[in-house]
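Those letters in the sequence shown? Residues 39 to 195, by the working numbering.
Note that the Cβ used here is the ideal one computed from N, Cα and C, for glycine as well.
These figures come from a predicted structure and were not determined experimentally.
Let me begin by presenting the structure, written as structure tokens, before commenting on it.
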Amino acid sequence: MKKGFLLLLFIAGFGLASSLHAQEGDVTSSASRNNLLGIRISSSDAAVNHSITYKRFISSEVALEGLLSFTDPGALGILVEKHTLLGSSGIQWFWGAGAYFGFSGGRRFGAQGAIGLDYIVPSLPLNFSLDWKPELNFTKQFSFEPAALGFSVRFVF
39 MKKGFLLLLF IAGFGLASSL HAQEGDVTSS ASRNNLLGIR ISSSDAAVNH
89 SITYKRFISS EVALEGLLSF TDPGALGILV EKHTLLGSSG IQWFWGAGAY
139 FGFSGGRRFG AQGAIGLDYI VPSLPLNFSL DWKPELNFTK QFSFEPAALG
189 FSVRFVF
């Protein structure tokens, strides 16, 4: 069921992003890369692990990212991220912080940080991101989870 839902989301997102790309032109311009939707594969030890990810740029350098994980434990994470261009390659590095709430496998609440690399393919409506999002759990058992590496693939629209 979950795989079917993710596949349907993937196909629908690709279709939407492709049609918007045809209307927008260059997806690397700040005006046309405000919204990014996709999936994030992460280490299973994190509270916010495999998830649907939505990133919205609120300025040319600041983005809000929402992560919704349906695996065990299910969780919702919100981050504010600062993006900085690395030279002229189109690769950006980012850092940020936020919070998460776990809603299955025991209630959890905590803080999470983020640091990573982000790249939008100039000729396609695709974004790739590699990140480290360590978590500090405040409830159930106070703990730190450093093994929160992730890879995201998103459609740009």
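Cβ neighbours of residue i in the same chain (closer than 6 Å, five flanking residues each side left out)
i, result
"Phe147", "Phe139, Phe176, Thr177"
"Leu149", "A small fix is needed here, since residue 149 is Ala in this sequence, not Leu. Hits under 6 Å: Ala137, Leu174."
"Ala113", "Ala85, Val86, Ser107, Tyr138, Gly140"
Given residue i as reference, the closest of the options once Cα atoms are compared
i, options, result
"Arg71", "Asp83, Val159, Val118, Gln179", "Val159"
"Asn165", "Ala85, Val86, Thr91, Asn87", "Thr91"
"Ala137", "Val100, Leu106, Leu162", "Leu106"
"His121", "Gly104, Gly144, Ser97, Phe141", "Ser97"
"Ser82", "Phe108, Phe95, Lys93, Glu119", "Phe108"
"His88", "Ser126, Gly104, Phe95, Leu162", "Gly104"
Own chain, CB closer than 7 Å to residue i, minus 5 neighbours either side, in chain order
i, result
"Trp170", "Ile153, Gly154, Ala186, Leu187"
Distance CB(residue i)-CB(residue j) smaller than 8 Å
i, j, result
"Asn73", "Phe195", "yes"
"Glu173", "Ala101", "no"
"Phe132", "Asp156", "yes"
"Gly134", "Leu123", "no"
CB contact check: residue i to chain C, cutoff 8 Å
i, result
"Gln150", "Annotation note: the requested chain C is absent from the structure, which comprises a single protein chain."
8 Å Cβ shell around residue i - same chain, five flanking residues per side excluded
i, result
"Gln130", "His121, Thr122, Leu123, Leu124, Leu155, Asp156, Tyr157"
_Minimum length 3: unbroken beta strand (DSSP E) runs contained in the region 118 to 159_ = 129 to 140, 146 to 158
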